[in-house]
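Counting in the numbering used here, the final residue of the sequence shown is number 1483, and the numbers go up one at a time with none missing.
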Amino acid sequence: MKKPLLIFFSLVLLLLAPKTNFAQTILEKETISDLNKTPNYVFGVKDEDGLKSALSVYDTFMENGVDIENFEIVVKGPVVKTMVKGSELEKYFEKYQGKVRGSICSIAMKRLGVSEEKLFSGLDVVETYTIRILQLQALGYNSISY
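Okay, here's the thing in C-alpha cells:
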C-alpha cells in the first residue's frame, strides 16, 4: 500500500513542480569551427516567433563559444506593432541591448502606423527590409529568414 501512495505523490510533485527548460543545444566542434569562418549574421523576421527564434540562435551561439562580430535582426510585418515602448518585447529584448542590432523596416512602420518615437530604444530604422538584407548579404553576412 505504501508503494502506490509514494508513486502517486511523486507524480503529483512532478506535475506541480515549476517547468524548467533544461534543453541546451550543444554544437559540434566542426560546426563551431565552420561558423567562426564568417562571424556576421542577419536574420529577417516578420513575427514574434521569428524574432524569438533568431534571439535563441544568438543564445545558442554564445553558449557554444561561436565568434560573433555582428548579429542583426531585420524586422518587417505585424511584429513591428509590438516593438514599442512599454511592450513585452521591450522587456524581452533588454538582455540583447548592445549585442544584437535590431533593424526595423520603415515601410512596415508606415503601413502599420508606428512612428520612430514609439519604438523602444536600441532599434534602428532602415530603408526597407529587403534592401537591408541584400546589403548585408553583399557584405558577406550569413542570412536566414523566418
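Just so you know, even glycine gets a beta-carbon here, dropped at the ideal spot from N, CA and C.
The alpha helix (DSSP H) spanning residue i covers which residue range?
i, result
"Tyr-1478", "Here Tyr-1478 belongs to no alpha helix (DSSP H), and DSSP marks it neither H nor E."
"Lys-1374", "No alpha helix (DSSP H) contains Lys-1374, which DSSP labels as neither H nor E."
"Gly-1423", "Counting along the chain, Gly-1423 falls outside any alpha helix (DSSP H), and DSSP gives it neither H nor E."
"Leu-1388", "1385 to 1400"
Let me check one thing: in DSSP terms, what residues is residue i bridge-paired to?
i, result
"Phe-1430", "DSSP output for Phe-1430 lists no bridge partner at all."
"Glu-1572", "What the structure shows of the chain is the stretch from 1338 to 1483, and residue 1572 is not part of that stretch, so it cannot be assessed."
In the DSSP assignment, find the unbroken beta strand (DSSP E) run with residue i in it and report its ends.
i, result
"Val-1382", "1377 to 1382"
With a CB to CB cut of under 6 Å and the five nearest residues on each side skipped, what residues in its chain are close to residue i?
i, result
"Gly-1492", "Residue 1492 is absent from the structure shown; the chain starts at 1338 and stops at 1483."
"Leu-1372", "Val-1403"
"Asn-1407", "Asn-1377"
"Thr-1465", "Cys-1442, Ile-1444"
"Arg-1438", "Glu-1409"
"Glu-1454", "none"
"Thr-1397", "Thr-1362"
"Leu-1460", "Gly-1439, Ile-1441"
Shortest alpha-carbon distance to residue i belongs to which of the options?
i, options, result
"Leu-1476", "Thr-1397, Lys-1389, Glu-1409, Thr-1368", "Glu-1409"
"Ile-1405", "Glu-1431, Glu-1464, Lys-1436", "Lys-1436"
"Lys-1366", "Val-1463, Glu-1454, Glu-1400, Leu-1392", "Glu-1400"
"Gly-1387", "Val-1412, Gln-1361, Asn-1407, Thr-1368", "Val-1412"
"Lys-1447", "Ser-1458, Val-1463, Phe-1457", "Val-1463"
"Ile-1468", "Leu-1426, Ser-1452, Ser-1440, Phe-1457", "Ser-1440"
"Lys-1389", "Glu-1427, Ile-1363, Lys-1374, Leu-1456", "Glu-1427"
Using a Cβ-Cβ cutoff of less than 8 Å, which residues in the same chain neighbour residue i once the five nearest sequence positions on both sides are dropped?
i, result
"Ser-1480", "Tyr-1378, Val-1379, Phe-1380, Gly-1381, Ile-1470, Leu-1473, Gln-1474"
"Ala-1360", "Interpretation of Ala-1360 is limited by its pLDDT of 49, a score under 50 that renders its predicted location unreliable; the figure taken from the coordinates is listed afterwards. None."
"Val-1421", "Glu-1427, Val-1451, Lys-1455, Leu-1456, Phe-1457"
So, for residue i: in the same chain, excluding its five sequence neighbours on each side, which residues have a beta-carbon less than 7 Å away from its beta-carbon?
i, result
"Ala-1391", "Phe-1380, Val-1382, Ile-1410, Tyr-1483"
"Gly-1414", "Lys-1383, Asp-1384, Ala-1445"
"Thr-1375", "Gly-1477, Asn-1479"
"Leu-1353", "In this predicted model, Leu-1353 has a pLDDT of only 46, less than 50, meaning its place in the structure is not dependable; the value taken from the coordinates is given anyway. Same-chain partners within the cutoff: there are none."
"Ser-1370", "none"
Is the shortest distance between the beta-carbon of residue i and the beta-carbons of chain C less than 8 Å?
i, result
"Tyr-1433", "Going by chain labels, chain C is absent from the structure shown, which holds only one protein chain."
### Task
Could you tell me which uninterrupted beta strand (DSSP E) segments, each at least 3 residues in length, are contained entirely in the stretch 1436 to 1462, listed from first to last along the chain?
The stretch 1436 to 1462 contains these whole beta strand (DSSP E) runs: 1438 to 1442.
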